[in-house]
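At position 39 of the sequence shown (counting the first as 1) the number is 39 in the UniProt record's numbering, and the numbers step up by one without a gap.
First up is the structure itself, then whatever we jot down about it.
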Amino acid sequence: MSSNAKTLWLQAEQKQEAQRVANIELRQARIKYWQAGDTCLWILSDIGKERPITFAVVTRAQKIERMEVMVFREARGDEIRLPAYTAQFVDQTLTDDGELSRHVDGISGATYSVRTMKRIARLALLLDRWIMPNNASTVVGAE
1 MSSNAKTLWL QAEQKQEAQR VANIELRQAR IKYWQAGDTC LWILSDIGKE
51 RPITFAVVTR AQKIERMEVM VFREARGDEI RLPAYTAQFV DQTLTDDGEL
101 SRHVDGISGA TYSVRTMKRI ARLALLLDRW IMPNNASTVV GAE
């Protein structure tokens with residue numbers, strides 16, 4: 001199965017929802033991703049303590065299939081790269097109130113990196129929700 005590069009054009013309401021759910025301010029007008037069937041690859045970055053951390057997140061059917069650190073630029077906290085740590089994100093989903101479906105353990109000395117990874121996981125699941133045809137209008141936490 002081949003993958004296709006696609007672009008998600010962000011509306012103002014989506015940017016606000018990303019801020020609320022993932023605590024990430026999306027300044028860009030679009031996000032590029034790759035899709036093959038219901039599997040998507042998202043390359044997303046956010047600031048750790050002081051510098052950006054870039055992640056690759058593979059989502060499938062509203063679940064995280066795999067999450068890895070691609071580029072770690074911080075001086076501390078790179079333990080989030082370890083497979084034993086990233087395994088906690090496999091099969092995570094986004095709850096109706098915009099949280100991850102299961103607890104993710106912290107790492108002593110890597111608090112900012114852990115928080116960043118959780119924010120990116122929530123963002124990837126939110127973006128995945130927006131691009132799936134049956135969920136295109138779903139707003140997390142809406143009444």
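Each residue gets a CB set at the ideal place from its N, CA and C atoms; glycine is no exception.
Everything numeric in this text was worked out from a predicted model, so none of it was measured.
Between Ala22 and Arg102, the CB-CB gap reaches or exceeds 7 Å. Secondary structure within the UniProt domain "FMN-binding" (48 to 128): the beta strand (DSSP E) runs of 3 or more consecutive residues, fully enclosed, are 52 to 60, 63 to 72 (chain order). Within the DSSP bridge table, the entry for Lys15 names no partner. Assignment of Ala22 by DSSP, reduced to helix, strand and coil, places it in the helix class. The closest CA to that of Glu79, considering only Gln14, Gln16, Gly106, Gln92, is found on Gly106. Contact annotation: Glu68 and Ala87 have beta-carbon atoms that are not nearer than 7 Å.
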